[in-house]
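Be aware that the sequence shown starts at 14, since it is given in my numbering, and climbs by one per residue. Right, one structure below, let's go through it.
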Amino acid sequence: MLPKEFTPEYLSQLELLRVHARRAFLGRKQGGHVSLKRGHGIEFSDYRQYELGDSPRHIDWGVYGRTDKLFVKRFREEQDLNLALILDCSSSMSVPELYSKWGMAKSIALSLAYVALLEQDSVCLYCLGLSQSPTFYGVRAIHSIAKILNQTQAAAGQNFAADLQQAASRLRFPGVAVVLSDFLAPLDQIERGFNMLRAKNMDISAIQILSPDDLDPPGDLSNAFAVDSETGEQLSLRLNEQDRKEYAEALVEHNENLKLYFSAARISHSLAFSNKPAGDFVLGTLTQIGLLR
């Protein structure tokens, strides 16, 4: 079952979009994206009968007007796109409870999966350090993807670099890879993980998800305890205003270095906030940066 924010209105907006690759790839079967195979370009080939889940944009309404039957146009040199959705499942993604970064990541991933499946693209989920899904085809598979995401919980003990490298090693075909994380790990770990992904000839997008508490730690922390969500280590925490200032400066520096690396590596980067609606980010930011069109 889809989450409540996946209203008919939201789904109808997603149905107008497609996942956009910045370059062509060889797909595995016919779909809606230009391939690297040589031929006569994108040209009409033939028809097939409409099947439940096909995108309405492919229906030939002229044929329907003459026959009262739904047929979908087929084109030469169009291939499916392989979409890999890679989610950071470390414990830091589950906090804070009110504006969970993990919940935001799941909603964005599910939205992208829905768009891809409608376009006859293949979708695979990689939950870092936990599991890999089978490859899904067809829009009806969206319920299986939603079930997997609902059953997956963020957990401690992950190593971002090692887990992303492992996910990259399982990729069998080039395509589009979308990594969803807060990226609050040491920069060298992030670079090692992404460099393995780059070696797999993927068109990579990095979606960074931060919460209000990441940007501005809550309340009076002059006499509190902090638990490292990744290691479970407990530390006495006494933050004064100077500490808060230094934390804010360190976060800004980390994010600037992150953006510099992504830019140099030709990785698309976008920032989402967990206290904002996921749909606004998907329909707004992801279309603005060109991941969706």
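Even glycine gets a Cβ: it sits at the ideal position worked out from N, Cα and C.
Grouping DSSP H, G and I as helix and E and B as strand, with all else coil, what is residue 50? Its pLDDT being 41, under 50, residue 50 is placed unreliably by the model, and the measurement read from it follows with that caveat. Note: residue 50 maps to coil in three-state DSSP.
Taking the beta carbon of residue 44 as the centre, do at least 16 other beta carbons fall within 10 Å, making it buried, or is it exposed? With a pLDDT of 48 at residue 44, under the threshold of 50, the modelled position of this residue cannot be trusted; read the value that follows with caution. Residue 44 is buried by the Cβ-count criterion.
Relative to the C-alpha of residue 124, which candidate in 141, 282, 21, 270 has its C-alpha closest? 21
Assign residue 195 to one of three DSSP states: helix, strand, or coil. coil
Between residue 205 and the rest of its own chain, which residues show a CB-CB distance below 6 Å, the 5 nearest in sequence each way excluded? The beta carbon of residue 205 sits closer than 6 Å to those of 174, all from its chain and outside the five residues before and after it, given in chain order.
Below 8 Å, how does it come out for the segment 201–216 and the segment 123–140: are there three or more Cβ pairs, yes or no? Short answer: they don't touch.
Do you know offhand how far residue 276's Cα is from residue 192's? Counting only the Cα atoms, residue 192 lies some 15 Å from residue 276.
Here's the rule I'm using: 16 or more other beta-carbon atoms within 10 Å means buried, otherwise exposed. How should residue 132 be labelled? buried
Give the straight-line distance between the Cα atoms of residue 85 and residue 73, rounded to the nearest whole angstrom. 6 Å
Sorted by chain position, which residues of the same chain lie with C-beta nearer than 6 Å to residue 291's C-beta, five sequence neighbours on each side aside? 117, 120, 121
State buried or exposed for residue 103, treating a residue as buried only when at least 16 other CB atoms are found within 10 Å of its CB. buried
Just to confirm the assignment, what range does the alpha helix (DSSP H) spanning residue 93 have? Neither: residue 93 is in no alpha helix (DSSP H) and is coded neither H nor E.
Per DSSP, what kind of secondary structure is residue 44 in: helix, strand or coil? Residue placement at residue 44 is poorly supported in this model, since its pLDDT is 48, which falls under 50; the coordinates are not used for a value here.
Return helix, strand or coil for residue 19, following the three-state DSSP convention. coil
Quick check on the burial criterion: 16 or more other C-beta atoms within 10 angstroms. Buried or exposed for residue 95? buried
Taking residue 130 as the reference, give the member of 270, 68, 274 with the closest Cα. 68
Starting from residue 77 and walking both ways along the alpha helix (DSSP H), at which residues does that stretch end? 74–80
Can you name, in chain order, every residue of its own chain whose Cβ lies under 8 Å from the Cβ of residue 51, other than the five neighbours on each side? At residue 51 the pLDDT is 36, less than 50, meaning the model places this residue with poor confidence; the figure from the coordinates comes in the next sentence. Contacts found: none.
If we require 3 or more residues per run, which beta strand (DSSP E) segments fall completely within the segment 115–172? 135–140
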